[in-house]
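The working numbering puts the first residue of the sequence shown at 1065, with every later residue one more than the last. Note that CB positions come from ideal geometry on N, CA and C, so glycine has one too. Remarks on the structure that follows.
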Amino acid sequence: MKKKKEVVGLDIDIFNEVFTKNGISYSVNLLPWKRCLLSGKVGKRHDVVFGGGLNDYRRANYVLT
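Given below as structure tokens:
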């Protein structure tokens, strides 16, 4: 039987608070980090990447808010 992975931490707490208060539904997909960054950059399947630090590459390749 597969274990269910629960996403916990400050980032997801903020997402839950903001999205729930605004009536926006969303889902969270756990991906290997490189795939997560690529998918966030392309933006076809995933719109947000959170939990990463800031560096020059990310400043040049992502919309940071």
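Using the rule of at least 16 other Cβ atoms within 10 Å of the residue's Cβ for burial, across every protein chain shown, is residue i buried or exposed?
i	result
G1115	exposed
Please classify residue i: does DSSP put it in a helix, a strand, or coil?
i	result
D1111	coil
G1116	coil
Y1126	coil
Would you say residue i and residue j are within 7 Å of each other, going by their C-beta atoms?
i	j	result
N1119	K1105	no
K1069	L1095	no
C1100	V1113	yes
V1071	V1092	yes
Practice prompt. Could you tell me which uninterrupted alpha helix (DSSP H) segments, each at least 4 residues in length, are contained entirely in the stretch 1067-1099, listed from first to last along the chain?
Written response: 1074-1085
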